[in-house]
Amino acid sequence: MTLRKAQPTERCDFPTWFKGPKHWHALMGNAGYVFHPSDGSMHILKQSGYMETRALCEQINKQTEDEMQAVVHYTTGCKSGFMCMIFYRRDTYVAEIQMGKPASRVEDACALDHFDTSKISHVTLLATNASPDKCLMDGSYRIRGRIGPPYMSSRHKRGHAHHHHDTYHRRHGTLSFRNSEESEQLWQSAGRSLSPRHRRAISQEIEIVEDPVGTGTDIEVRSKRDSPGCTINYNSNRRLRIGCTRHDVIDMTPSCSDEGDEEYLCHGQWQENSTTFIVAKHVGSSHGVCITFKQNPDGATGNLIVGDSCFRSNPNQLTPSDRHLVSNITSFSTCSDTSSSIATQINVFSIVFCVLLSSFFASR
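The sequence shown runs contiguously to residue 364 in the UniProt record's numbering.
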């Protein structure tokens, strides 16, 4: 009997736009997706960095410029098989994938009983080399609720957090869901121009708060030291600013903290079925979130959903899960309107301050 070496199998290739960045990570922080040009494989890594699954492109079923459906051959430990996957290009540094159930044969992988796109959730990926980008939906909005983030890294928790919270985080890794009670804690800032000492010195002395109803140019001047806990009523109307303070920044006002609690940098966005999706990084922790905006039929209100994946209603999930925060948007104005209002308030404050100062010296 003569043995001959089998000819190497000619495999298909993953999308060029997916191979370019090489390194992707899921917004929820539990996995990384790395392309290896040496053998054309994709490695799915656990949060610890250890490889969980190795996948090779086996067969392309459909391919366009921004979407590819393929069957991959996967190996996880001693197990292997075939799986149907769809790669979606959402923006330069943003992608989404859908993965089906394992199958033993190539022809079964994309069959409806293994791969039903209407019931499979999307995994949102952000390239590790992503740079900030201009935000869609630029403007100023009235909003009820908080914009997150729904989870946090334990290394950003305050030292005054409860001991049992710290024990929980040590046992369960670096990422945990952030519930409504934990959301009151303040986060560390990243990428600020002023030093923390200078920001604290300024912010503790005086705070100018925008008129929450928008009826005039009234201002409120108070020392933050006079506001124990500096509690925000998240059910009141606040202002959500998209691209106003900077073209790639989303933030909220008023805010008790200068530490990026509700501030994001945009990294990619797209629109799909009258829904706007924005992928951004939280300034305080650098973790990624997907911000989903869906306008209501009245055209004047809408829902803003923040989570570690881009929410879409499907037969398995008609409403957002506990890993998503939902806020209501009630009105809109341009950034220039907001800037003019703030400038007016600052001018009024300056006049009041000068009058008080003049009265003080006149009485001496």
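Where is the CB? At the ideal position from N, CA and C, for every residue including glycine.
Please report the straight-line C-alpha distance between residue i and residue j, rounded to a whole angstrom.
i: PHE115; j: PHE311; result: 19 Å
i: LYS119; j: LYS62; result: 20 Å
i: ARG246; j: ARG238; result: 19 Å
i: MET42; j: LYS19; result: 9 Å
i: TRP17; j: HIS287; result: 23 Å
i: VAL71; j: PRO37; result: 19 Å
i: residue 375; j: SER333; result: For the chain, the structure presents residues 1 to 364; residue 375 sits outside this window and is missing.
i: PHE293; j: ASP113; result: 31 Å
i: PRO320; j: SER313; result: 8 Å
i: GLU272; j: ILE278; result: 11 Å
i: PRO132; j: ASP248; result: 6 Å
i: ASP298; j: ARG11; result: 51 Å
i: GLY100; j: TYR74; result: 12 Å
i: residue 399; j: ARG323; result: Residue coverage of the chain in this structure runs from 1 to 364, which leaves residue 399 outside it and unanswerable.
i: ILE60; j: GLN269; result: 27 Å
i: THR2; j: PRO102; result: 36 Å
i: THR117; j: ASN296; result: 25 Å
i: THR276; j: ASN129; result: 23 Å
i: HIS267; j: ILE291; result: 11 Å
i: GLU107; j: GLU263; result: 47 Å
i: GLY307; j: ALA280; result: 11 Å
i: GLY40; j: CYS78; result: 21 Å
i: ASP337; j: ILE305; result: 25 Å
i: SER121; j: ILE242; result: 27 Å
i: GLY191; j: CYS335; result: No answer about GLY191 holds up, because its pLDDT of 34 lies below 50 and its placement is not dependable.
Starting from the Cα of residue i, find the closest Cα among the options and give me that residue.
i: MET137; options: SER236, SER274, PHE82 and ASP308; result: SER274
i: SER285; options: ALA103, GLN295 and ASP261; result: ASP261
i: THR92; options: HIS324, TRP24 and MET99; result: TRP24
i: LYS46; options: ASN30, LEU240, TYR141 and HIS267; result: ASN30
i: PRO21; options: ARG89, LEU325 and SER309; result: ARG89
i: MET51; options: GLN69, GLY32 and THR253; result: GLY32
i: PRO254; options: MET99, LEU240 and HIS267; result: LEU240
i: THR76; options: ILE44, ASP298, SER309 and TRP270; result: ILE44
i: CYS84; options: ALA95, GLN69 and CYS78; result: GLN69
i: SER309; options: CYS335, GLU107, SER48 and ILE97; result: ILE97
i: ILE65; options: GLY40, ASP39 and ALA95; result: The identity of residue 65 in the sequence shown is Glu, whereas the question assumes Ile. If we check each option's Cα against that of GLU65, ALA95 comes out closest.
Check whether the Cβ atoms of residue i and residue j lie closer than 8 Å to each other.
i: MET82; j: ALA109; result: It should be noted that the sequence gives Phe, not Met, for residue 82. Yes. Within cutoff.
i: ASN328; j: ILE143; result: yes
i: SER140; j: CYS244; result: yes
i: VAL283; j: LEU265; result: yes
i: PHE87; j: GLU67; result: yes
i: LEU27; j: GLY145; result: no
Here's the rule: buried if 16 or more other CB atoms are within 10 angstroms of the residue's CB, otherwise exposed. What is residue i?
i: ARG105; result: exposed
i: SER80; result: exposed
i: PRO15; result: buried
i: ASP251; result: buried
i: GLY148; result: buried
i: LYS134; result: exposed
i: ASP13; result: exposed
i: GLY49; result: exposed
i: ARG222; result: Note that ARG222 scores 37 on pLDDT, short of 50, meaning its location in the model is unreliable and no value can be drawn from it.
Check: Is it a yes or a no for the region 123-137 touching the region 48-61, going by three-plus beta-carbon pairs under 8 Å?
Finding: The region 48-61 and the region 123-137 do not touch, with fewer than three beta-carbon pairs separated by less than 8 Å.
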